[in-house]
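Below is one structure, written out as structure tokens; comments come after it.
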Amino acid sequence: MTRSDIAAAIKKRVPKLSRREATRLLDCVLQEIAEALLQGEECVKLHEFGTFFARERAARRGRNPRTGETAVLPRRKALNFRPSTALKERINGV
Numbered sequence: 039m040t041r042s043d044i045a046a047a048i049k050k051r052v053p054k055l056s057r058r059e060a061t062r063l064l065d066c067v068l069q070e071i072a073e074a075l076l077q078g079e080e081c082v083k084l085h086e087f088g089t090f091f092a093r094e095r096a097a098r099r100g101r102n103p104r105t106g107e108t109a110v111l112p113r114r115k116a117l118n119f120r121p122s123t124a125l126k127e128r129i130n131g132v
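Just so you know, we're using my numbering here: the sequence shown kicks off at 39 and counts up by one.
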């Protein structure tokens, strides 16, 4: 499912919105999630959906697959998503 598909689904559920407004609404929601995480929020929780959070990854040794050289890869943050129990149950038909 793409961003465009989600915007179309929003439009279908809220007929008063134009497709452009549905797309803007989706973009605003996604932008708010991203901004919160970029500004250092520990997590963004969406009730009965899940939690977005950034996790610190430690520095590690890696290897360049082209040359075979080893290198130290610096620590970095990785974005993670943990689905809620309610979402897992819906997906599993419980």
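Note that the Cβ used here is the ideal one computed from N, Cα and C, for glycine as well. Just so you know, these numbers come straight off a predicted model, no measurement behind them.
Assign A47 to one of two classes, buried (16 or more other C-beta atoms within 10 Å of its C-beta) or exposed (fewer than that).
exposed
Is the segment 70-87 touching the segment 97-109, taking contact as three or more C-beta pairs under 8 Å?
no
State buried or exposed for K49, treating a residue as buried only when at least 16 other CB atoms are found within 10 Å of its CB.
buried
Would you give the residue range spanned by the beta strand (DSSP E) that L63 belongs to?
Run containing L63: none in the beta strand (DSSP E); it sits in the alpha helix (DSSP H), 57-76.
Buried/exposed call for A45, threshold 16 Cβ in 10 Å
buried
With distance defined between alpha-carbon atoms, name the residue in T40, E127, D43, G131 nearest to F87.
E127
Give the range of the beta strand (DSSP E) segment to which R99 is assigned.
98-101
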